[in-house]
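Below you'll find the structure, written out as structure tokens, and then a few comments.
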Amino acid sequence: MSRVQSPPEPTERELVERCRIHDRTAQRLLFERYKRAMYTKAYRILNDPDHAHDVLQDAFVEVFRSLNQFRFEASLGSWIRAIVIRQALRKLKLESRFETLTNEYDQPLAVSDTLTGQQLDAAIRALPNSARAVFLLIEVEGYTHREVAELLGVTEGTSKSQLSYAKKLLRKQLAELQPDA
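If you count the sequence shown from 1, position 84 lands on 67 in the numbering used here, and the numbers rise without skipping.
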């Protein structure tokens, strides 16, 4: 009895080329390859599963419409991630406003060794929309204040104040979770 081998996974370039000619199988494969990571990005920014699913769908529609512009200068995942983040930020801007805040809290966050990833994730999700978006873009995704300001249509000062505000709120929430010393 001979074993039937499945065909090898297409390379990124092969997948993009097949998607460019509207190959539905390739489009499905591309979506399946990236959907979980991209949903997570959207969910972290929006903190709402329904909105994150909407953003994921809208982002992949844009991905398939824009694939002819993809030039392989970055990884496909990075390019898709940028589209998802832009879509999530558009959705977030519809839901809230960014306010300029003034705080002097720009020190690093100190956390207990007993803090779990679930506790940290819950604390981040509890942040107000605008502060959460800035915190995630800068501290998790590695964007600069200038890039965040451009993405959000705000000033660099607003980006900095939102990050500071997010850190202040996280400090407070995390301090409440730490056992008394």
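Ideal placement from N, C-alpha and C gives every residue a C-beta, glycine not left out. Every value quoted in this text rests on a predicted model; they were computed, and no experiment measured them.
What separation, rounded to the nearest whole angstrom, lies between the Cα atoms of Leu98 and Lys155? 14 Å
Residues in the same chain with beta-carbon distance under 7 Å from Phe47, minus the five sequence neighbours each way, listed in chain order, please. Cys2, Gln10
One question on the structure: do Ile28 and Ala71 come within less than 8 Å of each other, judged by their Cβ atoms? yes
Looking only at its chain, what residues have a beta carbon closer than 6 Å to the beta carbon of Asp41, apart from the 5 residues adjacent to it on each side? Gln70
So, does the CB of Leu59 fall closer than 8 Å to a CB anywhere in chain C? The structure shown has no chain C; it contains just one protein chain.
So Ile68 and Lys24 are supposed to be a Cβ contact under 8 Å. How far apart are they, rounded? 6 Å
Between the Cα of Gly60 and the Cα atoms of Val137, Glu15, Leu157, which residue gives the shortest distance? Glu15
Express the C-alpha separation of Gln101 and Arg(-4) in angstroms, rounding to a whole number. 37 Å
Just to confirm the assignment: which complete alpha helix (DSSP H) runs, minimum length 4, are found wholly within the segment 113 to 160? 128 to 135, 139 to 160
In whole angstroms, give me the CA-to-CA distance for Asp104 and Met21. 17 Å
Please state if the CB of Leu152 and the CB of Asp112 are separated by a distance shorter than 8 Å. The sequence shown places Asn at residue 112, rather than the Asp named in the question. Taking 8 Å as the Cβ cut-off, Asn112 and Leu152 do not qualify as a contacting pair.
According to DSSP, is Gln(-12) helix, strand or coil? coil
Just checking my contact of Leu50 with Lys18 at CB under 8 Å: how many whole Å lie between their CB atoms? So it is not a contact: roughly 16 Å between Cβ atoms.
Which listed residue (Ile4, Ala149, Thr141, Gly136) has its alpha carbon closest to that of Phe118: Ala149
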